[in-house]
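Structure record follows, encoded as structure tokens.
Okay, here's the thing in structure tokens:
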């Protein structure tokens with residue numbers, strides 16, 4: 001037998017629903033703290049950097065890239081120092097980083113300043129990692145993953161190459177043989193990083209119980 005809903009219980013139910021909605025809205029508002037606003041600002045710099053490169057304003061693009069890098073360090077430091085880490089920030093930060101690097105790499109490739117094969121390899125590596133991550137999380141028990149050391153080295157190499165190319169073009173820095181050396185280093189670390197992640201996903205997927 002279903003108990004009858006009294007006016008008082010209906011009022012309490014509506015109040016609970018309203019309170020839950022307000023709580024969710026407040027949580028979203030609290031997520032938009034200073035580190036997350038800095039990250040959003042970095043996202044907005046992506047189309048600016050792409051446009052500047054397409055317009056061959058490499059000097060300005062270099063400084064935009066530097067500002068984006070400083071903002072990446074700043075939002076991470078503020079979030080950790082003042083305990084302002086949020087789920088929104090954990091999602092936005094890597095997305096902003098990936099979009100910035102991918103956007104700049106693709107645009108430099110289109111402009112003929114980076115070899116096409118390297119651009120394709122860098123973007124393909126990220127796509128494969130994302131697909132592997134999604135596959136593991138949808139077919140096995142959820143778990144937290146830390147970044148691999150080789151991935152950190154690869155990210156540093158990718159950033160250094162872009163910064164060097166933009167500085168060479170926009171600030172007329174003498175390149176010498178450094179450009180080719182950094183391209184080779186980036187290609188090698190990209191290959192090692194992508195392979196390491198794929199091996200990690202394969203081991204986890206083969207050893208884990210599937211999600212039912």
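In the working numbering, the protein residues as written are 1 to 212.
By construction, the Cβ of each residue, glycine as well, lies at the ideal position given by its N, Cα and C atoms.
Taking DSSP as the reference, what is the three-state secondary structure of residue i?
i	result
residue 75	helix
residue 192	helix
residue 163	helix
residue 174	coil
residue 33	coil
residue 148	coil
residue 200	helix
Give me, in chain order, the residues of the same chain whose beta-carbon lies closer than 8 Å to that of residue i; leave out the 5 immediate sequence neighbours on both sides.
i	result
residue 182	157, 160, 161, 164
residue 205	135, 136, 139, 140
residue 199	none
In chain order, what residues of the same chain lie with their CB nearer than 6 Å to the CB of residue i, ignoring the 5 residues before and after it?
i	result
residue 202	none
residue 105	119, 122
residue 150	192, 193, 196
Measure how close the beta-carbons of residue i and residue j come, nearest whole angstrom, since I'm counting them as under 8 Å.
i	j	result
residue 42	residue 61	Wrong, their Cβ atoms sit about 15 Å apart, outside the cutoff.
residue 195	residue 148	The Cβ separation is near 10 Å, so there is no contact.
residue 54	residue 111	7 Å
residue 100	residue 46	5 Å
Excluding five sequence neighbours on each side, which residues of the same chain lie with their C-beta closer than 7 Å to the C-beta of residue i?
i	result
residue 186	118, 157, 158, 161
residue 103	46, 49, 50
residue 71	38, 41, 42
In chain order, which alpha helix (DSSP H) runs of at least 4 residues are fully inside the stretch 35–122?
Entirely contained in the stretch 35–122, the alpha helix (DSSP H) runs reaching 4 residues are, in chain order, 58–81, 87–110.
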